[in-house]
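In my numbering, the protein residues as written are 6 to 101.
Glycine is no exception: its CB is placed at the ideal position from the N, C-alpha and C atoms.
The structure appears right after this line, and notes come after that.
Set out below in structure tokens:
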């Protein structure tokens, strides 16, 4: 599945669930970089971890990016039947 297509579906589901326009913009802002870097939706944990490590943000900012990825893949698991490769622990496998 193409990541941008999955992201479009996710944002539409957020709208259907009544999430505010600002919340949807935030998800889109955070996840657009992920979609640009991964045209095809990654289904393996190392790709997710590599994306988080590669970002030049502070560790404190990686947490929100990780949470957005968790929400995105949770949607994919629930509504698209795609298993989530996002680790259950915090960014880059560290405990929260």
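Please report how far the alpha carbon of residue 16 lies from the alpha carbon of residue 35, in whole angstroms.
On the chain shown, residue 16 is found 11 positions in, with the first residue counted as 1. On the chain shown, residue 35 is found 30 positions in, with the first residue counted as 1. For residue 16 and residue 35, the gap between their C-alpha atoms comes out near 12 Å.
Does the beta-carbon of residue 65 have 16 or more other beta-carbons within 10 angstroms, so that it is buried, or is it exposed?
Taking the chain shown and counting its residues from 1, one reaches residue 65 at position 60. Residue 65 counts as exposed, since fewer than 16 other C-beta atoms from the protein chains shown sit within 10 angstroms of its C-beta.
Exposed unless 16 or more other CB atoms sit within 10 angstroms - verdict on residue 81:
Here residue 81 refers to the residue found at position 76 when the chain shown is read from its first residue. Under this definition residue 81 is a buried residue.
Status (buried if at least 16 other CB within 10 Å, exposed otherwise) for residue 11
The residue given as residue 11 occupies position 6 in the chain shown. Taking all protein chains in view, the Cβ of residue 11 is crowded by 16 or more other Cβ atoms within 10 Å, so the residue is classified as buried.
Cβ separation of residue 87 and residue 48, assumed to be a contact under 8 Å, to the nearest whole Å:
Counting from 1 along the chain shown, the entry for residue 87 is found at position 82. Counting from 1 along the chain shown, the entry for residue 48 is found at position 43. 7 Å between Cβ atoms; contact.
Provide the residue(s) that pair with residue 7 in DSSP beta bridges, ordered along the chain.
As a first step, residue 7 is located in the chain shown; it is residue number 2 there, counting from the start. Paired residue(s): 45.
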